[in-house]
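Asker: Here's a structure for you.
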Amino acid sequence: MAGKEPAVKKLIGHLDSDCFYVSAERVRFRALRGIPVGVLGNQGACVIAKSYELKAAGVKTGVPIWDARRICPEAVFVKRDFRWYEVLSRKMLDLLHEVSPTVEYYSIDEMFFDASQLPRVFGTSMEAATQQLQQRMLEEVGVPVSIGIAETRTLAKLGSDSSKPFGVHVLHDLTEREHREFLRSTPVEELCGIGRRSAQKLADHKIYNCLEFIRADSTFIRKLLTIKGEGLWWELQGEPVQKIVTQRPPHKAISRGGSVGGKTADPVEQQAWIVRNVERLIEAIDYHGVFTRHLVLTLERVNDHGWAGQVVLAEPTNSFKMLAAVYRELLERSDSRRKAISHMHLIAQKLSYRDEIQRTLFETAWVASNGDRLTDHPLDKVADLKQQINQKIGRFAIRSGETLHLPEIYADETNDYDICDVQGKMCF
Amino acid sequence: MCQGISLARCEIPESLIERYRLQERIIRRGDDGGDEYRFLLAERTPLLPVWDENQFVMLPWGNRDRRAGVPVSGWCPQESLESGAWSHWEPREVFIPATFGFDRGVWYQIREGLKGILLADRREQPRVYILTQRSTHYYEVMTRNNREPVMVGETI
């Protein structure tokens, strides 16, 4: 009779791409390798990602390009392409699924995974197996990554952070002394969840590094930083509190929007942006299989106060006709016509899963201020056809005629896609 | 307007490097970066690499001499080309390979290259001009220039 196999210790891995957007560009453009590179944001005004060479020159993320070019005149700037970044991100995810049964798609360039089986999969020690995984990522996807392995998510993330760039840090193998030293050398600000304010609170009690953090009493930490802080305390002790989450918890709200390409006071252009964002919002609503009943519009206006308005519908819906009408009405109500707006956000709240809705037997309608009466069309055949064609041919292949007023946006394929359009990840 | 380009070393045939003394143009942006050849309009003898009828050649970039009988510029606005204002010189479209472009202090990536036109001056000396068009919002924000080069297969 075969003896009982020893239980495999549960270990968590954190895989973090090294300067992901730049690395993704380097996969397809070799000339960018080894030189200072900055990836520019939606408007071409700010550096949203940088290579280590650009970082070494003193350019920080968020810096305007005119400052960045002054700090590093030899830098090369690249336009962002979130669609390409998602392609590589999904390849990384697929590869990780090959070596781990449980993977969390945390963000476009970060993944948590169950690392317990890595030595068995690669037939070697944990450290060597992790290095082999790292090498496979580089060879098969082309992106350099750093990986941390530990008993908890928090420690695994600290491990990958501390091994950047292109490093591997297996923390559970450390001796107690090494572990203590590692925690001592890690400032509390490095912890995911400890922002500036929390760090200040801790500093007020002379807690600056992770070793000082775990030496404090857990109830004191809880009092200071709530239950989340206490969770970190346990995680740093090697006691897992945060699990690997393979499915995103249901959304409370879904939002689409952002900049309107600079600023615009043109009512036709404003409306075109509204409709574009309604189409993006419905795409997200459909992806999550929900309906919405509560619609919010927020506007940022140039040299003026922001504006927010809302409409609550009688019935949950995903109807383009209904949502577009409501948001047009909200834009009208905002009195923003002839006022320059710079950003808009369309937020869908009171979400309900489609198979959990009891529809009313009586017709309900939403009446716009001009007297137009709109009834819900959840199975709007035109909208359904539009969705099918766009899924087959590509986003915005068929779109509302109202968006024709944004020719530049649609002529430019990298504008098709924003970072929040990458579905399924846990955080932004 | 694009005031310079650079081209990765691997893009230029070895035979041309000596002929056009391109060694002097080699630059490297980082310790681990590849060699590039840099071509700036501000140089004493500005040149551009050009693919013309399957031939890779280096040609003078635009014209500074008022007596040459061709426009004094480094660029050709696409609108004026289409209006026929350049027809007199019988311009021919050429491809200018480029890895990076340079405009008002900003180096940016170019995927394939730029469109240009080739024409001959009074002394039959060939001259190449970079085709330009109104900048996209993105390009204008990035470079603060309202004219951008016409790129092959992409718009920035």
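Just so you know, the protein sequences line up as chains A and B, in that order. Its first residue numbered 7, the first sequence is counted upward by one per residue in the working numbering. Its first residue numbered 4, the second sequence is counted upward by one per residue in the working numbering. Backbone N, C-alpha and C define an ideal beta-carbon position, used for all residues, glycine too. Quick caveat: nothing in here was measured; it's all calculated off a predicted structure.
#1: Could you tell me the alpha carbon to alpha carbon distance between H140/B and Q49/A, rounded to whole angstroms?
#2: Using CA atoms only, rank isn't needed, just tell me which of L189/A, T108/A, K163/A and P193/A is closest to T252/A.
#3: Taking C433/A as part of the beta strand (DSSP E), name the residues at either end of that continuous run.
#4: Can you list, in chain order, the residues of its chain with a C-beta nearer than 7 Å to that of G156/B? Leave out the 5 residues immediately preceding and following it.
#5: Distance, Cα to Cα, F118/A vs V176/A?
#6: Residues of chain A with a CB under 8 Å from the CB of Y40/B: which are they?
#7: State yes or no: is the beta carbon of E133/A nearer than 8 Å to at least one beta carbon in chain B?
#8: Give a yes or no on whether 8 Å exceeds the smallest Cβ distance from V1/B to chain A.
#9: For the segment 70 to 94 of chain A, which residues have a beta carbon sitting closer than 8 Å to at least one beta carbon of chain B?
#10: Going along the chain, which residues of its own chain have a beta-carbon closer than 8 Å to the beta-carbon of A120/A, five neighbours each way excluded?
#11: May I ask you to verify whether the segment 73 to 85 of chain B touches the segment 141 to 149 of chain B, counting CB pairs closer than 8 Å and requiring at least 3?
#12: What separation, rounded to the nearest whole angstrom, lies between the Cα atoms of R405/A and A331/A?
#13: Give the secondary structure of E92/A by DSSP, where H, G and I count as helix, E and B as strand, and everything else as coil.
#14: State yes or no: is the C-beta of L208/A within less than 8 Å of the C-beta of F226/A?
#15: Quick check on the burial criterion: 16 or more other C-beta atoms within 10 angstroms. Buried or exposed for G154/A?
#16: Is it buried or exposed for I133/B, if we count other Cβ within 10 angstroms and need 16 for buried?
#17: What are the residues that DSSP puts in a beta bridge with W54/B?
#18: Keeping to the same chain, check which residues put their C-beta closer than 6 Å to that of E3/A; ignore five residues upstream and five downstream.
#19: On the DSSP bridge list, what partners appear for A123/B?
#20: Could you spell out where the beta strand (DSSP E) holding C79/B opens and where it closes?
#21: Nearest-angstrom Cα distance between E289/A and Q123/A?
#22: Taking D292/A as the reference, give the member of A314/A, Q277/A and S325/A with the closest Cα.
#23: With a threshold of 8 Å between beta-carbons, can Q49/A be considered close to chain B, or not?
#24: What is the rounded straight-line gap between the Cα of G148/A and the Cα of C198/A?
#25: Within the same chain, show all residues whose beta-carbon is closer than 7 Å to that of L217/A, passing over the 5 residues directly before and after it, in chain order.
#26: Suppose the cutoff is 7 Å on Cβ atoms and the five residues either side in sequence are ignored; what does the same chain contact list for A122/B look like?
#27: My guess is that L44/B and G7/B are in contact by the Cβ rule of under 8 Å, so how many angstroms apart are they, rounded?
#28: Is the segment 304 to 321 of chain A in contact with the segment 339 to 349 of chain A, if contact means three or more CB pairs nearer than 8 Å?
#29: Taking only beta carbons into account, state which residues of the segment 83 to 105 of chain B come closer than 9 Å to chain A, listed in chain order.
#30: Taking the alpha-carbon of P63/B as reference, which of S86/B, A71/B and G87/B has the nearest alpha-carbon?
#31: Please classify L412/A as buried or exposed, where buried requires at least 16 other C-beta atoms within 10 Å of its C-beta.
#32: Based on Cα-Cα distance, which residue from K356/A, E285/A and A81/A lies nearest to L319/A?
#33: For R75/A, which residues from the same chain have a beta carbon less than 7 Å from its beta carbon, with the 5 sequence-adjacent residues on both sides left out?
#34: Which of the three DSSP states, helix, strand or coil, is assigned to G36/B?
#35: What is the DSSP secondary structure of T136/A, counted as helix, strand or coil?
#36: Anything in chain B within Cβ reach of P42/A, meaning under 9 Å, just list it in chain order.
Answerer: Reading it off the structure:
#1: 8 Å
#2: T108/A
#3: It is not in any beta strand (DSSP E) - C433/A carries neither H nor E in the DSSP assignment.
#4: R114 and E115
#5: 14 Å
#6: Under the 8 Å cutoff, chain A gives no residues; its nearest Cβ is about 12 Å from Y40/B.
#7: no
#8: The first residue shown for chain B is 4 and the last is 159, placing residue 1/B beyond what the model contains.
#9: I71, W72, R75, R76, P79, E80, A81, V82, F83, V84 and K85
#10: Residue identity check: residue 120/A is Asp in the sequence provided, not Ala. Closer than 8 Å at the Cβ level, and outside the excluded window around D120/A, lie K16, L17, I18, G19, S106, P107, T108, V109 and I250.
#11: no
#12: 15 Å
#13: helix
#14: no
#15: buried
#16: buried
#17: F59/B and F98/B
#18: Residue 3/A is absent from the structure shown; chain A starts at 7 and stops at 434.
#19: P129/B
#20: W78 to P80
#21: 37 Å
#22: S325/A
#23: yes
#24: 27 Å
#25: R186, L189 and R190
#26: Note that residue 122/B is Leu in the sequence shown, not Ala. Cβ within range, chain order: V73, W92, E93, P94 and R130.
#27: 6 Å
#28: yes
#29: T102 and F103
#30: A71/B
#31: buried
#32: K356/A
#33: A81
#34: coil
#35: helix
#36: R32, G33 and G36
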